[in-house]
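2 protein chains.
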Amino acid sequence: MLPIEIKHLVDQYIELSFSVNKNGESLVRDQMNDDMTSDQHYTLRYIYQIKSCTPSDLAKKFQVKKSAITAMINRMWKKGWIQRTRDEKDRRVVYLTLTEEGKSLYMKTEERIHHLVSSMLNNFEQEELEQFLCTYQKLQRVLEDINKHK
Amino acid sequence: MLPIEIKHLVDQYIELSFSVNKNGESLVRDQMNDDMTSDQHYTLRYIYQIKSCTPSDLAKKFQVKKSAITAMINRMWKKGWIQRTRDEKDRRVVYLTLTEEGKSLYMKTEERIHHLVSSMLNNFEQEELEQFLCTYQKLQRVLEDINKHK
DNA sequence: ATTAATAGTTAAATGAATGAACTATTAATA
DNA sequence: TATTAATAGTTCATTCATTTAACTATTAAT
Numbered sequence: 003m004l005p006i007e008i009k010h011l012v013d014q015y016i017e018l019s020f021s022v023n024k025n026g027e028s029l030v031r032d033q034m035n036d037d038m039t040s041d042q043h044y045t046l047r048y049i050y051q052i053k054s055c056t057p058s059d060l061a062k063k064f065q066v067k068k069s070a071i072t073a074m075i076n077r078m079w080k081k082g083w084i085q086r087t088r089d090e091k092d093r094r095v096v097y098l099t100l101t102e103e104g105k106s107l108y109m110k111t112e113e114r115i116h117h118l119v120s121s122m123l124n125n126f127e128q129e130e131l132e133q134f135l136c137t138y139q140k141l142q143r144v145l146e147d148i149n150k151h152k
Numbered sequence: 003m004l005p006i007e008i009k010h011l012v013d014q015y016i017e018l019s020f021s022v023n024k025n026g027e028s029l030v031r032d033q034m035n036d037d038m039t040s041d042q043h044y045t046l047r048y049i050y051q052i053k054s055c056t057p058s059d060l061a062k063k064f065q066v067k068k069s070a071i072t073a074m075i076n077r078m079w080k081k082g083w084i085q086r087t088r089d090e091k092d093r094r095v096v097y098l099t100l101t102e103e104g105k106s107l108y109m110k111t112e113e114r115i116h117h118l119v120s121s122m123l124n125n126f127e128q129e130e131l132e133q134f135l136c137t138y139q140k141l142q143r144v145l146e147d148i149n150k151h152k
């Protein structure tokens, strides 16, 4: 990369990531039922996809302390969306799974989000989109790497 | 866009934006002083760039209600980073500006963030990066548009 | 057998967000 | 002009999200 161009590109990235984030999060919130937040939906999504996980897994995925996960899981557990099961081999470990209500709520909301994202991405040619996602993917690995080695 | 590919691309976008967001926000938080949060830095940044703005401007930019802005500005005002001035023509309006302390704190933190983002973006060839930012920019406009017409 | 480390929770404190009710001021209109 | 609308911002109560520090229980290491 040419040093002379760096500052402008960095500024542009900072501005765009802020703006896309805020606007995107706001639209995602609009798809939620009144009794759930976007973080709670992301939690349902992760557990749904991976079937079962531990609070420690979630803390790593969400980049927060485990006590933050305990608090969120408590709120979702009270609403009947999540189950806790102790590992019989290693009794320190807790497995989190979705209840039937959790699954069905997740699927309904995720469908609305898919619809929203589809309508966003429809504004792009397939090739441009694929190129974009390819670079986005690399960026994701770079960020994961920096986070891993810190 | 070919319908058959859509679902995969949508899934990929959802996963990447989540992951880049969480990892990115976590790294940005690491650049903050202990007495400030990333939202507070973003607020300093916006006011710094635009010199002066109203709470309503901030509410629009951050996509939150005005009462959320009042609360954040109060916290930053208590720390001596922000000034409030009433408009003499229209006495309903409040102008927010940075104090000298606010400016200097902003600049120190922003420098660390620039350094971080530079080291991230250094992993890309200039052309790939420019192409990426171009699409990211389009995406930003699409999101802003959807938000405007809702 | 004792000490370390790991998994998870609890509790107190702070920040961030909303909705509803409120003040003050300005704009619209009958 | 007098009354009514709308706008800008704040306050208050409530909920969610997060951190730090202290804690329990369990397993691993020496």
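Chains as they are written, first to last, in this note's numbering: chain H, 3 to 152; chain Y, 3 to 152.
Backbone N, C-alpha and C fix where the C-beta goes; we use that ideal spot for every residue, glycine too.
Does the beta carbon of residue i come closer than 7 Å to any beta carbon on chain Y?
{"i": "Tyr-108/H", "result": "no"}
{"i": "Glu-146/H", "result": "yes"}
{"i": "Gln-142/H", "result": "yes"}
In the DSSP assignment, find the unbroken beta strand (DSSP E) run with residue i in it and report its ends.
{"i": "Val-96/Y", "result": "96-100"}
{"i": "Gln-85/H", "result": "84-88"}
For residue i, report the span of its alpha helix (DSSP H) as first-last.
{"i": "Phe-126/H", "result": "Careful: Phe-126/H lies outside any alpha helix (DSSP H) and carries neither H nor E."}
I want to see whether chain H comes within less than 7 Å of residue i, judged by CB atoms only; does it?
{"i": "Val-95/Y", "result": "no"}
{"i": "Gln-65/Y", "result": "yes"}
{"i": "His-116/Y", "result": "yes"}
{"i": "Ser-120/Y", "result": "yes"}
{"i": "Asn-76/Y", "result": "no"}
Return the chain-ordered list of same chain residues with a C-beta closer than 7 Å to the C-beta of residue i, the five sequence neighbours on each side being excluded.
{"i": "Asp-41/Y", "result": "Met-74"}
{"i": "Tyr-50/Y", "result": "Leu-100, Lys-105 and Tyr-108"}
Between residue i and the rest of its own chain, which residues show a CB-CB distance below 8 Å, the 5 nearest in sequence each way excluded?
{"i": "Val-22/Y", "result": "none"}
{"i": "Arg-31/Y", "result": "Thr-39 and Ser-40"}
{"i": "Val-95/H", "result": "Thr-56, Arg-88 and Asp-89"}
Looking only at its own chain, which residues have a Cβ that is under 6 Å from the Cβ of residue i, when we skip the five neighbours before and after it?
{"i": "Tyr-44/H", "result": "none"}
**Message:** Short of 7 Å Cβ to Cβ, which residues in the stretch 10-31 of chain Y face chain H?
**Reply:** Residues passing the 7 Å Cβ filter: Leu-11, Val-12, Gln-14, Tyr-15, Ile-16, Leu-18, Ser-19, Phe-20, Ser-21, Val-22, Asn-23, Lys-24, Asn-25, Gly-26, Ser-28 and Leu-29.
Please give me, in chain order, every unbroken run of the alpha helix (DSSP H) with length at least 4 that falls completely inside the stretch 16-96 of chain Y.
Contiguous alpha helix (DSSP H) elements confined to the stretch 16-96 of chain Y occur at 40-52, 57-64 and 68-80, taking only those with 4 or more residues.
Going along the chain, which residues of the stretch 125-139 of chain H sit with their C-beta nearer than 8 Å to a C-beta in chain Y?
Look at the stretch 125-139 of chain H: the residues with a C-beta under 8 Å from a C-beta of chain Y are Asn-125, Phe-126, Glu-127, Gln-128, Glu-130, Leu-131, Glu-132, Gln-133, Phe-134, Leu-135, Thr-137, Tyr-138 and Gln-139.
Fill in: Proximal residues, the stretch 36-69 of chain H versus chain Y, C-beta separation under 7 Å
Within the stretch 36-69 of chain H, the qualifying residues are Tyr-44, Phe-64 and Gln-65.
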